[in-house]
Amino acid sequence: MKKLDKRNKIGIFDSGIGGITVLKEIIKILPNEDYIYYSDSKNNPYGDRTDEEIKQLCDNIVKYLINKNCKVIVIACNTASSKAADFLRKKYSEMTFIAIEPAYKMVHDYAYEKPTLVMATKGTIESEKFNLLLKKYDNHKTYLLPCVGLADRIENGDKEEIKKYLIENIANYKGKVENVVLGCTHYPLIIEEIKEILGQVEFFNGAPNLAKHLKDILEEKGLLNDIGNGKIEFKDSQNLKEKEEKFFKILEEKL
Ligand code: DGL
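According to my numbering, the residues represented by the sequence shown are 1 to 255, in order.
Put into structure tokens, the structure is as follows:
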């Protein structure tokens, strides 16, 4: 029987529960892995924080996940990826990090001709990393929309508030855009609500490709766990019971 290494979990984190949209794509193709999900509710939203603050917050989470015996860490937050991934990779050179980013390259590869709306946090849209991506794959028909406050509303789950926000902030793109890049891991949770406002648009989400990439990396490194039982642990930085309940509820629904 294959002997399991002590460092055998996949660590995954976000500022809140948005990273579920990444975790669910990963579980689809890696059902036998064991996971530990970290939600930083104490410090969210990350979208309006400075680079230094985000690096510090991510550093603390990574320390926690390393202590919990993670073999790989998935940064399931676009804001954290754009501001802290390089820093974390340098600081923890022994650890493998897989980082989500807005799926703007997918637009370039599959729907280059079509007008595109990129929705993301202010932090992601202003980041150097995202601007390099934009420069490289620019289709010159792209609107950038920093959705200040949208991730918080999704985190709080108030449907009326979300609807009101979308009417006020994206309704004027109706008929103008055909592609929507979901550049924050919270946004795939409100695809239906976005469709209600924008009508039939094509969504671009980086999570399915990230999951495939993660699987390739684990295979390459001989780190795949094919005899585990898909256990999922949840940790919230405030130890909020209701966060945990919400997390597992959404995870079940979305799976
Ligand atoms: N879910 C996060 C992202 O992908 C950030 C939300 C926030 O805390 O502002 O950017």
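Think of the CB as a built atom: it goes at the ideal place given N, C-alpha and C, for glycine as much as any other residue.
- Message: With the cut-off set at 8 Å, would you say R7 and C58 are in Cβ contact?
- Response: To locate residue 7, count along the sequence shown from 1; it is residue 7. To locate residue 58, count along the sequence shown from 1; it is residue 58. No, the pair does not count as a contact, with Cβ atoms beyond the cut-off.
- Message: Using a Cβ-Cβ cutoff of less than 7 Å, which residues in the same chain neighbour K122 once the five nearest sequence positions on both sides are dropped?
- Response: Residue 122 sits at position 122 when you count from the first residue of the sequence shown. Cβ neighbours of K122 beyond the five flanking positions: G47, D48, P146 and V148.
- Message: Please report the distance separating the alpha-carbon of A120 from that of I217.
- Response: Reading the sequence shown from its first residue, position 120 is the one you call residue 120. Reading the sequence shown from its first residue, position 217 is the one you call residue 217. Spanning the two alpha carbons is a distance of roughly 27 Å.
- Task: Compute every distance between the C-beta of G16 and the non-hydrogen atoms of the ligand DGL, then say whether any falls below 7 Å.
- Result: The residue you call residue 16 lines up with position 16 of the sequence shown. Checking every heavy atom of the ligand DGL against the Cβ of G16, one is found closer than 7 Å.
- Query: If you measure from the CB of H186, is any heavy atom of the ligand DGL nearer than 7 Å?
  - Reply: Translated into positions along the sequence shown, residue 186 becomes position 186. In this structure, H186 has its beta carbon less than 7 Å from a heavy atom of the ligand DGL.
- Query: According to DSSP, what are the bridge partners of I10?
  - Reply: Translated into the one-based positions of the sequence shown, residue 10 becomes position 10. Looking at the DSSP output, I10 bridges to Y35 and V72.
- Item | Buried/exposed call for M1, threshold 16 Cβ in 10 Å | Here residue 1 refers to the residue found at position 1 when the sequence shown is read from its first residue. Low confidence applies here, because M1 scores a pLDDT of 47, under 50, leaving its location unreliable; read the following figure in that light. Under this definition M1 is an exposed residue.
- Task: Identify which residue in Y64, S39, L88 and E193 has its Cα closest to the Cα of D51.
- Result: Within the sequence shown, residue 51 is the residue found at index 51, counting from 1. Nearest Cα to D51 within the set Y64, S39, L88 and E193: L88.
- Candidates I167, I170, E196 and I61: which alpha carbon is nearest D236's? Taking the first residue of the sequence shown as position 1, residue 236 is located at position 236. Looking only at I167, I170, E196 and I61, the smallest Cα-Cα distance to D236 is reached by I61.
- Query: What first and last residue would you give for the alpha helix (DSSP H) that runs through M106?
  - Reply: One-based indexing of the sequence shown puts residue 106 at position 106. Its alpha helix (DSSP H) spans residues Y104 to Y110.
- Message: On the DSSP bridge list, what partners appear for N179?
- Response: As a working mapping, residue 179 is identified with position 179 in the sequence shown. Its beta-bridge partners are T116 and E202.
- Query: On the three-state DSSP scale, how would you describe D51?
  - Reply: Here residue 51 refers to the residue found at position 51 when the sequence shown is read from its first residue. Three-state result, D51: helix.
- Item | Spatial neighbours of G199 in its chain, beta-carbon cut-off 8 Å, leaving aside the 5 residues before and after | In the sequence shown, counting from the first residue as 1, residue 199 sits at position 199. Contacts found: K174 and G175.
- Start and end residues, beta strand (DSSP E) containing I142: As a first step, residue 142 must be located in the sequence shown, where it is residue number 142. Strictly speaking, residue 142 in this sequence is Thr, with Ile absent from that position. From DSSP, the beta strand (DSSP E) with T142 extends over T142 to P146.
- Could you give the DSSP three-state label for T79: helix, strand or coil? As a first step, residue 79 is located in the sequence shown; it is residue number 79 there, counting from the start. In the displayed model, T79 falls within a helix according to three-state DSSP.
- Query: Among the residues of its own chain, which have a CB less than 8 Å from the CB of I246, if the five just before and after it don't count?
  - Reply: Position 246 of the sequence shown, counted from the first residue, corresponds to residue 246. Note that residue 246 is Lys in the sequence shown here, rather than Ile. Excluding sequence neighbours, K246 sits near I17 and G157.
- Could you tell me which residues DSSP pairs with E233 in its beta bridges? As a first step, residue 233 must be located in the sequence shown, where it is residue number 233. Beta-bridge analysis with DSSP links E233 to I36.
- Between the CA atoms of T21 and T124 - distance to the nearest angstrom: By 1-based counting over the sequence shown, the position of residue 124 is 124. By 1-based counting over the sequence shown, the position of residue 21 is 21. Roughly 18 Å separates the two Cα atoms.
- Item | Rounded C-alpha distance that separates K195 from E178 | Numbered from 1 along the sequence shown, position 195 holds the residue referred to as residue 195. Numbered from 1 along the sequence shown, position 178 holds the residue referred to as residue 178. The straight-line gap from Cα to Cα measures roughly 11 Å.
- Query: Going straight from the alpha carbon of Q238 to that of K42, what length do you get?
  - Reply: The residue labelled residue 238 in the question sits at position 238 within the sequence shown. The residue labelled residue 42 in the question sits at position 42 within the sequence shown. Cα to Cα, Q238 sits roughly 6 Å from K42.
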